[in-house]
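In my numbering, the protein residues as written are 1 to 159. Note that beta-carbon positions come from the ideal geometry of N, C-alpha and C, so glycine has one too. To keep things clear, I will list the structure first and then write my remarks on it.
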Amino acid sequence: MMYLIFSFSAQTGEVSGELSYKISYKIAETKSEVLHENKDSYELSYEADNIHFYVRKAAHMTEYFLLAVAVSFPLYVYRIRGIWLFFLAGIFCVGFAGLDEYHQSFVAGRGPSVRDVCIDSSGALIGIIMVQLFCWSSLHAPGSSSRKRKKSRKKRRRS
1 MMYLIFSFSA QTGEVSGELS YKISYKIAET KSEVLHENKD SYELSYEADN
51 IHFYVRKAAH MTEYFLLAVA VSFPLYVYRI RGIWLFFLAG IFCVGFAGLD
101 EYHQSFVAGR GPSVRDVCID SSGALIGIIM VQLFCWSSLH APGSSSRKRK
151 KSRKKRRRS
């Protein structure tokens with residue numbers, strides 16, 4: 001995931017803008033087809049221009065959401081949970097977001113942005129929360145094997 005983020009950051013501003021614009025246009029085109037709006041290419045371009053900013057920022061959040069999941073899940077498995085999981089995974093993801101923005105300052109047509117670090121960090125926070133909730137609910141679900149093991153241990157101790 002880190003390589004993917006680094007690769008996207010290494011693209012020039014023009015290449016990055018074209019890629020996200022193609023995605024914006026495809027979203028506008030798909031919406032037009034699904035809703036039977038029959039928009040021409042000018043109208044689709046106008047709609048793509050309107051959502052282009054949001055597509056770019058959603059891409060930032062998604063990248064860092066996935067990075068946070070990739071970092072948090074192994075930490076959770078190794079029993080780093082609660083505030084320590086937020087702290088370690090958060091520091092890692094936010095630190096990488098800062099380094100990523102610093103890296104962009106050396107790429108033509110790109111520049112560092114504190115706002116992007118904040119957007120990246122919010123995606124990472126959502127990823128960490130999702131891992132916490134998913135893992136906690138899996139371990140504490142009724143009938144889960146960990147609950148059965150705990151009950152059998154208690155019975156053995158009482159005997």
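DSSP places D100 in the uninterrupted alpha helix (DSSP H) bounded by 83 to 104. Sequence-distant Cβ neighbours of N38 in its own chain, meaning closer than 8 Å and more than five residues away, are S32. Between Y25 and L44, the C-beta gap is smaller than 9 Å, which places the two residues in contact.
Comparing C-alpha distances from L67 to each of P112, A10, S137, D100 shows the shortest one belongs to D100. Note that the segment 45 to 56 does not touch the segment 76 to 94; fewer than 3 beta-carbon pairs, one per stretch, sit closer than 8 Å.
Counting every other CB atom within 10 Å of its CB across the protein chains shown gives H36 a total below 16, marking it as exposed. For W84, the closest of T12, V114, G17, I129 by C-alpha to C-alpha distance is I129. If you compare the alpha carbons of C118, V15, E18, F73 with that of M61, the shortest gap goes to C118. In this structure F65 is buried. Its beta-carbon is surrounded by 16 or more other beta-carbon atoms within 10 angstroms. Annotated as proximal: A10 and V107, with beta-carbon spacing under 9 Å. Taking the CA atoms as reference points, I27 sits about 15 Å from G17.
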